[in-house]
Each structure stands twice: as C-alpha cells, then as structure tokens.
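J.: My questions all concern the structure below.
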Amino acid sequence: MHISKQTEFLRILVKTTCSLLFFVALPANADKALIQIADDAAKAYKIRPTLLKAVCHVESAWKANAIGDDGESIGVCQIQIATGQSYFGKKRGRSEIRRWLLNPNINIFVAAHLLKSYLNEFDGNEGLAIIAYNAGPHAKVLRHYRKVKQAMKSY
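Its first residue numbered 597, the sequence shown is counted upward by one per residue in my numbering.
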C-alpha cells in the first residue's frame, strides 16, 4: 500500500500535535477572566477546555489585544478579519470587525465555534481540527484529506 508524502506528513503532524498540545501550562500572565471566558465558550460548544485554552496560549499567550504580524490576525485566538466578516457580515467594515475581534469574549467564542465546526467535520479528530484552525479551511493538506475521505465512501 502506497502512502503519499502528504498523507504521511499529515499523519505525523496530527500525532505530534495531539501528543504535545495538552502539555501546555497556563502562563503566569493569563488573565483569570480570559480563562473563565474560555471555560464558558468550551462548555457552550461542548469542546475540551484544554483544547481552547491551548489555542489561546499558542496564538497570543493570552494577550487580548494581540495583532498578528500580518495585521489580519486579531485578539486572543488570532481570528482572521476575513473569518470575522464571515461571522458578522461582509457589509461590516474592516475596522468594525477588527474592533469586535479585539473583544476577548467575542474572539474566544468565535474560536470555540470554529474549533467545534472543525471537530465535527473531522469526526472529533483534534489534530486535524487544530491544523484546520491554523492553516484555514482551504489548506492543501485538508483538501487532500477531504478527497480521500470522500473516496473511502466508495469502498
């Protein structure tokens, strides 16, 4: 059986990501209010709180006002402005979306919703959900995964 390099890469990345993800400790500067928001969002979307907290930690080290180097990734969970527009409507201005995403309550709940969507799509596989969250839903490796999953239905 031949396994493509892309599939093998994905398998290793998922295995590594899953094994490392939950050893992340909360930084000393993590605001207790932000941690509570993450707990509330995780409960609302029925995802593991450690998953959402790890995303907050890795994406911004719990900084509510974090702006990514690209200027497009906003807030605690580094939500892209384009993603915010898909939630709040394309008619909203970029500055309005940016302001909303700087609200940690909105930002963390959007992240929880995204993670839940990816978990549903990838049958609860947290590694794939994390990859989708980071790379975006149109990443090449995810397109490959979806094609293979669809083809599997034929057999």
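No residue lacks a Cβ here, since even glycine has one placed at the ideal position from N, Cα and C.
Taking the DSSP output, what are the residues bridged to Ile804?
T.: With the chain covering only 597 through 751, there is no way to say anything about residue 804.
J.: With three or more beta-carbon pairs closer than 8 Å as the criterion, would you say the segment 669-682 touches the segment 699-716?
T.: Contact holds: three or more Cβ-Cβ distances are below 8 Å.
J.: Which same chain residues, not among the five before or five after Pro645, have their C-beta less than 8 Å away from its C-beta?
T.: If we look at Pro645 and ignore the five residues flanking it on each side, its Cβ neighbours are Ala634, Asp635, Ala638 and Lys639.
J.: On the DSSP bridge assignment, give the partners of Ile675 in chain order.
T.: Ile670, per the DSSP bridge assignment.
J.: Ignoring anything shorter than 4 residues or poking outside the segment 673-735, list the alpha helix (DSSP H) runs there in chain order.
T.: DSSP runs (the alpha helix (DSSP H)) wholly in the segment 673-735: 677-684, 690-697, 700-717 and 722-731.
J.: Taking only three categories from DSSP, how would you classify Ser656?
T.: DSSP places Ser656 in helix when its eight states are reduced to three.
J.: Would you kindly report the start and end of the unbroken alpha helix (DSSP H) that includes Ala626?
T.: Run containing Ala626: none; DSSP gives neither H nor E here.
J.: Do you know offhand how far Leu648's Cα is from Lys749's?
T.: Their Cα atoms are separated by approximately 31 Å.
J.: State the DSSP-derived secondary structure class of Lys749, mapped to helix, strand or coil.
T.: The answer is coil: DSSP assigns Lys749 none of H, G, I, E or B.
J.: Mark Gly720 as exposed unless 16 or more other C-beta atoms lie within 10 angstroms of its C-beta, in which case mark it buried.
T.: Gly720 should be labelled exposed.
J.: Once you ignore the five residues that flank Leu697 on each side, which residues in its own chain have a CB closer than 6 Å to its CB?
T.: Cβ neighbours of Leu697 beyond the five flanking positions: Ile670, Gly671, Ile675, Gly680 and Asn703.
J.: Taking all protein chains shown into account, decide if Ala731 is buried (16 or more other Cβ within 10 angstroms of its Cβ) or exposed.
T.: Exposed: under 16 other Cβ atoms inside 10 Å.
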